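Each residue of the sequence shown is one higher than the one before, starting from 17 at the first, in the numbering used here. Using N, Cα and C, we set each Cβ at its ideal position, and we do this for glycine too. This one's a predicted model, so the numbers in the text were calculated from it and none came from an experiment. Here the structure comes first, spelled out in structure tokens, and everything after it is commentary.
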Amino acid sequence: EDMDPQEWIIIAKHVKKSLDSGDKGVIVTHGTDTLHYTAAALSFFLRNLYRPVVLVGAQRSIDRGSSDAGMNLICSAHVSVSEIAEVGICMHGEINDSFCLFIRGTKARKMHTSRRDAFRPINSLPLAKIWPDGKIETVNEEFKKRNDKEDVVLDAKFQPKVGLLKVYPGSDPGIIDYFAGKGYKGFVIEGTGLGHVPTFAKKPWIPVIKKHIKDGIPFVITSQTLYGRVNPNVYTNLRILYHETGAIPGEDMLPETAYVKLGWVLGHTEDMEKIKEMMLTNYAGEITKRSLDKTFLY
Numbered sequence: 017e018d019m020d021p022q023e024w025i026i027i028a029k030h031v032k033k034s035l036d037s038g039d040k041g042v043i044v045t046h047g048t049d050t051l052h053y054t055a056a057a058l059s060f061f062l063r064n065l066y067r068p069v070v071l072v073g074a075q076r077s078i079d080r081g082s083s084d085a086g087m088n089l090i091c092s093a094h095v096s097v098s099e100i101a102e103v104g105i106c107m108h109g110e111i112n113d114s115f116c117l118f119i120r121g122t123k124a125r126k127m128h129t130s131r132r133d134a135f136r137p138i139n140s141l142p143l144a145k146i147w148p149d150g151k152i153e154t155v156n157e158e159f160k161k162r163n164d165k166e167d168v169v170l171d172a173k174f175q176p177k178v179g180l181l182k183v184y185p186g187s188d189p190g191i192i193d194y195f196a197g198k199g200y201k202g203f204v205i206e207g208t209g210l211g212h213v214p215t216f217a218k219k220p221w222i223p224v225i226k227k228h229i230k231d232g233i234p235f236v237i238t239s240q241t242l243y244g245r246v247n248p249n250v251y252t253n254l255r256i257l258y259h260e261t262g263a264i265p266g267e268d269m270l271p272e273t274a275y276v277k278l279g280w281v282l283g284h285t286e287d288m289e290k291i292k293e294m295m296l297t298n299y300a301g302e303i304t305k306r307s308l309d310k311t312f313l314y
């Protein structure tokens, strides 16, 4: 929580330097609270990636008998020389010292304050299960495979003035005006359910969103439910939000991933059509084509 997007860029530069030197993979140690933000950032910053980049942390400190640090590092080392050439998080798969999960960086989220298996894949299967003895079981067959001849490309342009806002009963859309007045260039909204914002409330959000979109500020709508995807066509208020304002549906992206992605997109363009095109393009597995029942509460 004390990190800044500038630190993400520094980490990405060090990862590229390591890979350019010929390393077979990279392990990044990191605190757990914002680990999924950094994982998402590296997923977008490191283009043409064909070797593993593994982020790892520990829920219990190394001086405790219940520490997960050692096993997480061991499993991360196995992943780093595997065929899975993606950015991901490697942490305990269950509370016991049985196996770890390697979760795609754009689909991982910390779901518990203290459990050792706090990181879970959302709207996706984990890429693999890893045992401390080196056994790796692929769970999700859709992953990039290693190619040591390819060179990673650093693309770390980032616009930090992006807001991540949550709607709730009685929420005041004036918060958008406040941040826009501070020079914010885009917003990710955590809507309710299928991607709702207060529409027929005493303080409706839609007129405010519409005004700022006309001024060239993009809005991406995600869901507080985390699981599932937003849908712009089911209810009247959803059709108003998406079809009358020009808000961008965030598909099944996690709010945190959408926040990082929008900052990355705005680092490349301010053209509203191009922003929409890029936000709806799947760059790093952040968008899945369809939701599968077996990914829920994996």
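Review point. Would the segment 281 to 299 and the segment 135 to 155 be scored as touching if the rule is three or more Cβ pairs under 8 Å?
Key: Result no; under three Cβ-Cβ pairs closer than 8 Å.
**Study point:** Close-in-space but distant-in-sequence residues of the same chain around Ile90 (CB under 8 Å, 5 per side omitted)
**Key:** Pro148, listed in sequence order.
Practice item. Have a look at Glu153 and Cys116 and give me their C-alpha separation to the nearest angstrom. Key: The alpha-carbon atoms of Glu153 and Cys116 are separated by roughly 10 Å.
Point to revise | Inter-stretch contact (C-beta, 8 Å, three-pair minimum) for the segment 243 to 256 and the segment 278 to 285 | key: Not touching, per the Cβ criterion.
Check your understanding: Excluding the five sequence neighbours on either side, which residues of its own chain have a C-beta within less than 8 Å of the C-beta of Asp188, listed in chain order?
Key -> Same-chain partners within the cutoff: Lys219.
Check your understanding: Can you find at least 3 beta carbon pairs, one from the segment 158 to 175 and one from the segment 100 to 112, that sit closer than 8 Å?
Key -> The segment 158 to 175 vs the segment 100 to 112: in contact.
Check your understanding: When the Cα of Lys277 is compared with those of His228, Ala57 and Trp221, which residue comes out closest?
Key -> Distance from the Cα of Lys277 is smallest, within the candidate group His228, Ala57 and Trp221, for Ala57.
Check your understanding: Looking at C-alpha atoms only, which residue of His128, His52, Tyr66 and Ser77 is the closest neighbour of Cys106?
Key -> Answer by Cα proximity: His52.
Practice item. Could you tell me if Gly197 is buried or exposed, where buried requires 16 or more neighbouring beta carbons within 10 angstroms of its beta carbon? Key: Of the residues assessed, Gly197 falls on the exposed side of the cut-off, its CB having fewer than 16 other CB atoms within 10 angstroms.
Point to revise | Sub-8 Å separation of His30 and Leu71 beta-carbons | key: No, the Cβ-Cβ distance between His30 and Leu71 is not below 8 Å.
Practice item. May I have the straight-line CA-CA distance separating Ser34 from Val42, to the nearest angstrom? Key: Roughly 7 Å separates the two Cα atoms.
**Study point:** Selected residue, minimal CA-CA separation from Lys310, among Ile192, Val155 and Val281
**Key:** Proximity to Lys310 across Ile192, Val155 and Val281 peaks at Val155, based on C-alpha coordinates.
**Study point:** Assumed close pair Gly7, Lys123 - CB separation to whole angstroms, cut-off 8 Å
**Key:** Limits of the chain in this structure are 17 at one end and 314 at the other, which puts residue 7 out of reach.
Check your understanding: Grouping DSSP H, G and I as helix and E and B as strand, with all else coil, what is His284?
Key -> For His284, the secondary structure class from DSSP, reduced to helix, strand or coil, is coil.
Review point. Which runs of the alpha helix (DSSP H) fall wholly inside the segment 164 to 217 and span at least 4 residues, in chain order?
Key: Taking only runs of at least 4 residues, the alpha helix (DSSP H) segments lying wholly in the segment 164 to 217 are 190 to 197.
Review point. On the three-state DSSP scale, how would you describe Trp295?
Key: Correcting the residue identity first, residue 295 is Met in this sequence and not Trp. Note: Met295 maps to helix in three-state DSSP.
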